[in-house]
Amino acid sequence: MLLSEQAYKKIDRELAKFPADQRQSAVMAALAIAQDEKGWLPPDVMQDIADYIGMPAIAVQEVATFYNMYNTQPVGKHKISVCTNLPCALSGGEKAAHYLKQKLGVDYKETTGDGQFTLVEGECMGACGDAPVMLVNNKRMCSFMSNDKIDALVEDLKK
26 MLLSEQAYKK
36 IDRELAKFPA
46 DQRQSAVMAA
56 LAIAQDEKGW
66 LPPDVMQDIA
76 DYIGMPAIAV
86 QEVATFYNMY
96 NTQPVGKHKI
106 SVCTNLPCAL
116 SGGEKAAHYL
126 KQKLGVDYKE
136 TTGDGQFTLV
146 EGECMGACGD
156 APVMLVNNKR
166 MCSFMSNDKI
176 DALVEDLKK
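Sequential numbering from 26 applies to the sequence shown in our numbering.
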C-alpha cells in the first residue's frame, strides 16, 4: 500500500458517495487525497489509485494530466499558481508574475534551489475582479497581489 490507512479511509468516504458501478467518479477526490499526502502523483501512486478504484491506469493518468491542480512531477513545498488568463494578464497578472519570477529566481515550471517554491501558470481562478490572483498549493487564494503583497506572501510561506 502506497498511501496511509487514513488516506484510503478518505478515499473510501469519497467512493461511498457514488453507486458501485460509478466508482470512477471518485477519481478526482482520490488524486487530491493522494497528492495531499505525497506532495505529487508519481506513476506508482496513480497506478495504486487505479487499482483501488477499479479503473484503467491510463484513465487516472488522463485526469491527473488534464487538470492543473495535480502535480505529476515533484514540486516545491509551496506551489504558487499565477493566473495569466487575459483578464488577469491585463489587470497586472503578467507584471506580478514577472516580479515573482525575479524574487524567486525561477521561471514557470521551475522550483527554487532550496525546494521551497515552484512557480506555475494558472488557468482562470474565477476571481478576475481580484487580479492579479495567485493560488498557493491549490488551496489558498491570494487577491490583488501587489509587489508588497507578494513580498509578504513569500515571507509568510518561508516560515
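No residue lacks a Cβ here, since even glycine has one placed at the ideal position from N, Cα and C.
State the CB to CB distance for the pair residue i and residue j, rounded to an integer number of angstroms; the pair is presumed to be in contact (CB under 8 Å).
i      : j      : result
SER116 : PRO157 : 7 Å
ASN163 : MET94  : 5 Å
ALA55  : ILE36  : 5 Å
LYS104 : ASN96  : 7 Å
ALA152 : MET166 : 6 Å
GLN98  : TRP65  : 6 Å
ARG168 : ASP155 : Residue identity check: residue 168 is Ser in the sequence provided, not Arg. With a Cβ gap of about 3 Å, SER168 and ASP155 count as contacting.
Per DSSP, residue i forms a beta bridge with which residues?
i      : result
THR143 : LYS104, THR136
CYS167 : MET159
Between residue i and residue j, is the Cβ-Cβ spacing less than 7 Å?
i      : j      : result
VAL70  : LEU40  : no
VAL131 : SER106 : no
ILE74  : ALA59  : yes
GLN127 : MET80  : no
Could you spell out where the beta strand (DSSP E) holding residue i opens and where it closes?
i      : result
MET159 : 159–161
To the nearest angstrom, report how far apart residue i and residue j are at their CA atoms.
i      : j      : result
LYS184 : GLY101 : 14 Å
GLY138 : LEU125 : 15 Å
LYS174 : GLY140 : 22 Å
VAL179 : PRO44  : 44 Å
GLY118 : CYS108 : 6 Å
LYS42  : ALA121 : 40 Å
VAL88  : TYR133 : 22 Å
MET53  : LEU160 : 19 Å
THR143 : THR136 : 4 Å
ALA32  : ASP61  : 9 Å
LYS34  : ASP76  : 15 Å
LYS63  : SER29  : 10 Å
LEU182 : TYR92  : 24 Å
In terms of residues, what are the limits of the alpha helix (DSSP H) holding residue i?
i      : result
LYS42  : Where LYS42 is concerned, there is no enclosing alpha helix (DSSP H), given that its DSSP letter is neither H nor E.
TYR77  : 68–78
LYS184 : Run containing LYS184: none; DSSP gives neither H nor E here.
THR109 : Segment: none, THR109 is in no alpha helix (DSSP H) and carries neither H nor E.
THR90  : 82–91
GLN98  : Premise fails: GLN98 is in no alpha helix (DSSP H) and is neither H nor E.
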